[in-house]
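Here the sequence shown stands for residues 1 to 352, where the numbers follow my numbering.
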Amino acid sequence: MSKKVKIGIIGIGTIGSVHADAYAKIPEAEVVALCDILPDRLKEKAARHGIAKTYATHQELLADPEIEAVSVCVPNYMHAPIAIDALNAGKHVMLEKPMSIKAEYAQQICDARDKNGKLLQMGMVRRQAADAQLVHRHIQEGRFGEIYHIGVKLIRRRGIPGMGGWFTTKAMSGGGGLIDIAVHSLDLAMWATNLWKPVKVSAKTYSKFGSPMRDYHFVDMWAGPPNYDGTFDVDDYATGFVRFDNQASLCFEVAWACNAKPESYVEILGTKGGIKLEGGNATFLTEYDNMLADINLAYNANVDGFVAELSKFVKAINGEGEIPATGDQGVIVMKLLDAIYKSCELNREVDI
Numbered sequence: 001m002s003k004k005v006k007i008g009i010i011g012i013g014t015i016g017s018v019h020a021d022a023y024a025k026i027p028e029a030e031v032v033a034l035c036d037i038l039p040d041r042l043k044e045k046a047a048r049h050g051i052a053k054t055y056a057t058h059q060e061l062l063a064d065p066e067i068e069a070v071s072v073c074v075p076n077y078m079h080a081p082i083a084i085d086a087l088n089a090g091k092h093v094m095l096e097k098p099m100s101i102k103a104e105y106a107q108q109i110c111d112a113r114d115k116n117g118k119l120l121q122m123g124m125v126r127r128q129a130a131d132a133q134l135v136h137r138h139i140q141e142g143r144f145g146e147i148y149h150i151g152v153k154l155i156r157r158r159g160i161p162g163m164g165g166w167f168t169t170k171a172m173s174g175g176g177g178l179i180d181i182a183v184h185s186l187d188l189a190m191w192a193t194n195l196w197k198p199v200k201v202s203a204k205t206y207s208k209f210g211s212p213m214r215d216y217h218f219v220d221m222w223a224g225p226p227n228y229d230g231t232f233d234v235d236d237y238a239t240g241f242v243r244f245d246n247q248a249s250l251c252f253e254v255a256w257a258c259n260a261k262p263e264s265y266v267e268i269l270g271t272k273g274g275i276k277l278e279g280g281n282a283t284f285l286t287e288y289d290n291m292l293a294d295i296n297l298a299y300n301a302n303v304d305g306f307v308a309e310l311s312k313f314v315k316a317i318n319g320e321g322e323i324p325a326t327g328d329q330g331v332i333v334m335k336l337l338d339a340i341y342k343s344c345e346l347n348r349e350v351d352i
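Here's what the structure looks like:
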């Protein structure tokens, strides 16, 4: 029987609570401590999740010898410093997306992982969805043939989170809609197809709805309400074209806010078949017996992605599996994001 892995959660906001709830469903995991810089929130979440030990700073939590691993669920700008401190303290790290606010900081996390011989897993939960797992397996088995193009579209009509807070402050978030939500789809696209060598990108980002903040009209706001005394200096729309070294390509369009109907999909085109992952539907478009065929792929859509990814993290710690989303892959995603922002700044195609 596998041993219970003792876990601490650093940052117990919304995503930290999601991690706590998911670990509670994993028999081999036990959350033994929480950390947050907001005392009232820390007290409330400790009571909600039934966790006795709490710490005001991540340094105090990392000094706890009982803790073997941590989930890092803090604002983006703190990902690298806290993850590096955790690895240096001898803890395994589950790090929420995006890896950091810049690729150079992401690489420093991997360097700390290598130096200390600990596990580092990225929180790319979209990979764990049943449709994504199925498509990934079919691609690896060659059923799609040669993958030559990917389309990524992720459109929110009005979906800017936490306006005026850290989400919309570039120094703390690293960017807007691109780094916040497109990171999942770009990672999913490269992981599913095993296209991990993007070489060039031409892109444009815009900020049309978030500033001035009082002119932004919305129905609801995750991580809200707005703080009109805060900052909005990030993108709310981004689009671009990515080239891979084997002649494959990727087009993306992502919006926190725009005057368009909401859409969310990843479309993969291969010489033997294609598919659009959209809204839980997975129809494989191919040929059968010299005829065009649409095959509806059946799968269990009720998989809890967070339970799946954290279960794999715990199993890897116990030597029973591999990390499903590596830090090295996270660095590649960050290099792509950095290049997209650089392309917009220079108004031309750039190398990745």
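The C-beta atom is built at its ideal place from N, Cα and C for all residues, glycine as well.
Asked	Found
Exposure of K153, with buried meaning 16 or more beta-carbon neighbours within 10 Å	buried
Inter-residue spacing [alpha-carbon to alpha-carbon] between S207 and A171	16 Å
Inter-residue Cα distance where the pair is T57 and G8	12 Å
Boundaries (first-last residue) of the alpha helix (DSSP H) holding D40	P39 to H49
Buried or exposed by the 16-neighbour rule on C-beta atoms within 10 Å, applied to M78	buried
Minimum Cβ-Cβ distance from G175 to chain C less than 7 Å	Although the question refers to chain C, the structure presented lacks it and comprises just one protein chain.
Extent of the continuous beta strand (DSSP E) to which V333 belongs	Premise fails: V333 lies in the alpha helix (DSSP H), G327 to L346, not in any beta strand (DSSP E).
Whole-angstrom distance between E287 and H19, CA atom to CA atom	42 Å
G165 classed as buried or exposed, judged by whether at least 16 other C-beta atoms fall within 10 angstroms	buried
Euclidean distance between Cα positions of Y237 and K342	15 Å
The stretch 171 to 189 contacting the stretch 295 to 314, beta-carbon criterion three pairs below 8 Å	no
First through last residue of the alpha helix (DSSP H) which encompasses V307	G305 to I317
V219 versus I160, F167 and P198, residue with shortest Cα-Cα distance	I160
Distance between beta carbons of K25 and V307, contact taken as under 8 Å	5 Å
Residue from E267, A260 and C251 with nearest C-alpha to A282	E267
Integer-rounded CB distance, given that A69 should sit under 8 Å from H49	17 Å between Cβ atoms; not a contact.
Three-way DSSP call (helix, strand, coil) for D351 in this model	strand
Buried or exposed (CB count within 10 angstroms, at least 16 for buried), T239	buried
Burial state of T168 (16 or more Cβ within 10 Å)	buried
The stretch 140 to 150 touching the stretch 245 to 259, judged by at least three CB pairs closer than 8 Å	yes
In chain order, each beta strand (DSSP E) run of at least 3 residues that lies wholly inside the stretch 171 to 236	198 to 206
Between the CA atoms of G162 and I181 - distance to the nearest angstrom	14 Å
Through-space distance from G319 to F232, alpha-carbon basis	44 Å
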